[in-house]
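A.B. asks: 450 is the number of the first residue of the sequence shown in the working numbering; add one for each residue after it. Cβ atoms here follow ideal geometry from the backbone N, Cα and C, with glycine treated the same way.
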Amino acid sequence: PTVEFGLEAPFEVEYHDAVGSTNDRARELATEGAEDVVVLADEQTGGRGRLEREWAAPSGGVWASAVLRPGIAPLRAPLFTLAAAVATARAAREAGVDAGIKWPNDVVVPGDEDDGDDTGYRKLAGILTEMEGETDRIEWLVVGIGVNANIDADDLPAGATSIRDEAGDVDRRRFVQRLLEEFDALRTDLDSIVPAWRDLALTIGQRVRVDRPSGEVVGEAVDVTDTGALVVETDDRREMVTAGDCEHLRPV
Ligand code: BTN
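1. Residue 459: which of 551, 484, 659 sits nearest, CA to CA?
2. Which partner residues of residue 575 appear in the DSSP bridge assignment?
3. Is residue 584 near ligand 1, judged by its Cβ being under 6 Å from some heavy atom?
4. Assign residue 453 to buried or exposed, taking buried as 16 or more other Cβ atoms, counted over all protein chains shown, within 10 Å of its Cβ.
5. So does residue 472 have its beta carbon nearer than 6 Å to some heavy atom of ligand 1?
6. Which two residues bound the contiguous beta strand (DSSP E) that contains residue 467?
7. Could you tell me the alpha carbon to alpha carbon distance between residue 545 and residue 580, rounded to whole angstroms?
8. Spell out the partners DSSP gives residue 658 in its beta bridges.
9. Does the Cβ of residue 605 have 16 or more other Cβ atoms within 10 Å, making it buried, or fewer, making it exposed?
10. On the CB-based measure, 16 or more other CB atoms within 10 Å of its CB, does residue 463 come out buried or exposed?
11. Go through the segment 576 to 652 residue by residue and report every complete run of the beta strand (DSSP E) that reaches 3 residues or more, in order.
12. So that I know if they touch, is there some Cβ in chain D lying closer than 7 Å to that of residue 682?
13. In whole angstroms, what is the alpha-carbon distance linking residue 583 and residue 522?
14. Taking the beta carbon of residue 595 as the centre, do at least 16 other beta carbons fall within 10 Å, making it buried, or is it exposed?
15. Answer with buried or exposed for residue 467, where buried requires no fewer than 16 other C-beta atoms within 10 angstroms of its C-beta.
16. Where does residue 484 sit, in a helix, a strand or coil, going by DSSP?
17. Leaving out five residues before and five after residue 621 in sequence, what residues of the same chain have Cβ atoms less than 8 Å from its Cβ?
Following this line, the structure appears as structure tokens:
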């Protein structure tokens, strides 16, 4: 069910009232050769988060997955995750939400001390990027974007917030239009992504603790590399942390 979306960006939109996971449907389309198609749903019954976590996706959210074929090296794929986070944060800010980005992929709102979640932020949106292809070139990329839009935060997991709770309900069609237009502008100018991300980043300049499968790193987050890795300066060295390696990041 392709719907006319009045987009200035060159995406075709396939809309579902309900679907298991928009990323799964987008992967199917990608395998069939689709390009620049966005799968959009009001509700997901099997939403997936990073690191094989579940992602709560009740009716009222913006659950979207874009199929892209950028023909880049896999090493550069994290840039698309950053671009999606930037586009989402910008659209949320236009909707009146004080949104920023917690590296690598969380769009968050600064929380109160007594929020009781260990990051000090409430999570508004998350990004799940998946890809397939050779070692030197990506065949396709699916960028999944989940935004807690017109949902009561009480109906979401602890530590989450929503556009409804922060600023009141949004016109989801307009919100998606703005988000996809911003995303399109960024993905057609890859060099603009990291600087745009830095402007919205809450992580840079913070002392952070990063949990990775290979052990934790504690130090100051000083920069993001041109492939999107976080540079953490510890007492005696500089460590690069990639998004795929980061299980948990919190300010310390
Ligand atoms: C995370 O922060 O763990 C990433 C969450 C990504 C959720 C979105 S919702 C649209 C797309 N479909 C999915 O099943 N997941 C992503």
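C.D. replies: In short, the structure shows the following:
1. Locating residue 459 in the sequence shown gives position 10, counting from the first residue. Selected option, being the one with the closest Cα: 484.
2. Here residue 575 refers to the residue found at position 126 of the sequence shown. In DSSP, residue 575 forms a bridge with 555, 595.
3. Along the sequence shown, one-based indexing puts residue 584 at 135. Every heavy atom of ligand 1 is 6 Å or more from the Cβ of residue 584, so no.
4. The sequence position of residue 453 within the sequence shown is 4, counting from 1. Under this definition residue 453 is an exposed residue.
5. As a working note, residue 472 is residue 23 in the sequence shown. Yes, since a heavy atom of ligand 1 falls inside the 6 Å radius drawn around the Cβ of residue 472.
6. As a first step, residue 467 is located in the sequence shown; it is residue number 18 there, counting from the start. 461 to 468 is the extent of the beta strand (DSSP E) around residue 467.
7. For this step, residue 545 is matched to residue 96 along the sequence shown. For this step, residue 580 is matched to residue 131 along the sequence shown. So the two alpha carbons sit approximately 33 Å from each other.
8. Here the question's residue 658 lines up with position 209 in the sequence shown. Bridge partners of residue 658: 667, 699.
9. Here residue 605 refers to the residue found at position 156 when the sequence shown is read from its first residue. By the 10 Å Cβ count, residue 605 comes out buried.
10. Within the sequence shown, the letter at position 14 stands for residue 463. Looking at its Cβ environment, which holds 16 or more other Cβ atoms inside 10 Å, residue 463 is buried.
11. 587 to 596
12. Chain labels in this structure do not include chain D; a single protein chain is all it has.
13. Within the sequence shown, residue 583 is the residue found at index 134, counting from 1. Within the sequence shown, residue 522 is the residue found at index 73, counting from 1. If I take the Cα positions, the gap works out to 9 Å.
14. Residue 595 sits at position 146 when you count from the first residue of the sequence shown. The residue in question, residue 595, is buried, as its Cβ has 16 or more Cβ neighbours within 10 Å.
15. Along the sequence shown, read from residue 1 onward, the residue named residue 467 stands at position 18. Exposed.
16. As a first step, residue 484 is located in the sequence shown; it is residue number 35 there, counting from the start. If DSSP states are grouped into helix, strand and coil, residue 484 belongs with coil.
17. Your numbering for residue 621 matches position 172 in the sequence shown. 511, 598, 599.
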